[in-house]
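Accompanying notes for the structure given below.
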Amino acid sequence: MIRYRRIAGVGLALTMLVAGCGHSSSASQGPATSSPQVPSVAATSTSLTSATSQAARALPNPHSLRGLTEVPEPSDPKPVEGSSAQKLPVTVTDVEGNKVTITSTSRILALDLYGTLSRTLIGLGLGDNIVGRTVSSTEKQLHHRPVVTENGHVLNVEAIAGLKPSVIIADRSVGPKEALDQLRKSGIPVVLVDPHRSVSSTPELIRTIANAVGKPAAGEALVKRTQEQISQAKKQIAAWKPAKPMRVAFLYVRGNAGVFFILGSENGASELIQGVGADDVASDKGIKTLVPANAESLVSINPDAIFVMRDGLSSTGGMKGLLARAGVANTTAGRKQRVIAIPDGISLSFGPQTGEILTAVAKALYGVK
């Protein structure tokens, strides 16, 4: 029986999880693989209604697919209709029990590990009000906004204060803790939200952010749209997935050093894998947080396919570098080089584009054109 050593400190583990993520060039391919080849993945549309027609088409057997498939970068969220209505000032109680009064949203900072907060604000019609970003906020309209984190997700207090934000919406996935506390003491309204990300927690997070910026009606509209898209995505994915589910593991890899982990159920990986109709082999083995990926642990879980963050794959030398990691080549996924590379900024973000993300990842996994 394999014993999995838990990584001490969930906060530290989460910070390591997406540290350094952001937009970069696509991951490099490894050696050419034999047929059947993986069909290219078309860009995901914000409208999922046309997807049902694909269920009637002949699909490849996903268990026979080989090679790397990259999930396309999604478009920026579209603001919901009627998102201009706003009522300020508003006083809210944040996740840590702090009463916060927001009088203006003219200069917003949305700071989290996943990029969920900025995508939600864009969906609420406040994208133009975001004055800075973390490396996880990879939306095209925020590309030229200054990055206020360093060394991954360490907050730069001086850079943040220099942007003169009227409100900061953040969670404890970024830090250090003293940074946000210092900004609050300086007089900047800081609203802390729940750092947990999942399909099921998305509606409540949208409502929390919408209430904090004085747009509860827009929040409900965004929740409705998001839930409808998730429902459509699940119906379509049910038509794509095979009778024998794919067995998938999400591996976190960064650079050529020892940063190589299996993601467990508490990191959002299970929600993503199960959301696309596959079995999470790490969760099946009782892995909850981050555990080291090594020859013994990887052969034990033996996935049919591997999910990775796109920039993480690139940073380790693409497919060639990943296959050189201990144990990878000895798994079913490794022998077939069956890897799905997901853009870092959406890989575990969920949020208002959850339906689009699930559909795009499922297309890649199942070889849907």
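Just so we're aligned: the sequence shown equals residues -27 to -1, 1 to 342 in mature numbering (1 follows the signal peptide of the UniProt record, and there is no 0). Yeah, the Cβ is synthetic: ideal placement off N, Cα and C, and Gly gets one too.
Considering V196, what are the terminal residues of the alpha helix (DSSP H) in which it resides? 189 to 213
DSSP-derived helix/strand/coil call for S7: Low confidence applies to S7: its pLDDT is 36, below 50, so where it sits in the model is not reliable, and the reading given next is rough at best. Residue state, collapsed to three classes: coil.
Spatial neighbours of H(-5) in its chain, beta-carbon cut-off 6 Å, leaving aside the 5 residues before and after: Because the pLDDT of H(-5) is 42, which lies under 50, any placement of that residue in the model is unreliable, and the number read from its coordinates should be weighed accordingly. So the list reads T111, once near-sequence residues are dropped.
7 Å Cβ cutoff met for F234 and A266: yes
Could you please give the first and the last residue of the uninterrupted alpha helix (DSSP H) stretch that includes residue 346? The requested residue 346 is not part of the displayed model; the chain covers only -27 to 342.
So is G328 buried or exposed if we call it buried at 16+ other beta carbons inside 10 Å? buried
Provide the residue(s) that pair with P33 in DSSP beta bridges, ordered along the chain. Note: P33 sits in no beta bridge, so no partner.
From I330, A222, R298, residue whose alpha carbon lies closest to that of E281: Note on residue identity: the sequence assigns Val, not Glu, to residue 281. When each option's Cα is compared against that of V281, the closest is A222.
Cβ pair P52, G98 closer than 7 Å: yes
Whether or not the stretch 296 to 313 and the stretch 178 to 191 are in contact is what I'm after, with contact meaning three or more pairs of Cβ atoms, one per stretch, closer than 8 Å; do they touch? Fewer than three Cβ pairs drawn from the stretch 178 to 191 and the stretch 296 to 313 lie within less than 8 Å of each other, which leaves the two stretches out of contact.
Hey, out of S56, P215, E43, L84, whose CA is closest to A194's CA? Comparing Cα-Cα distances from A194 to each of S56, P215, E43, L84, the minimum goes to S56.
Cβ neighbours of K137 in the same chain (closer than 7 Å, five flanking residues each side left out): R80
What would DSSP say about Y225, mapped onto helix, strand or coil? Strand.
Using the C-alpha atoms, what's the distance from K113 back to R92? 11 Å
Which whole-angstrom value describes the C-beta separation of P35 and Y339, a residue pair presumed to lie in contact below a C-beta threshold of 8 Å? 5 Å
Span separating the alpha-carbon of R39 from that of I179: 38 Å
Confirm, please, whether the CB-CB distance from Q326 to P50 is below 7 Å. yes
First and last residue of the uninterrupted alpha helix (DSSP H) at A242: 242 to 248
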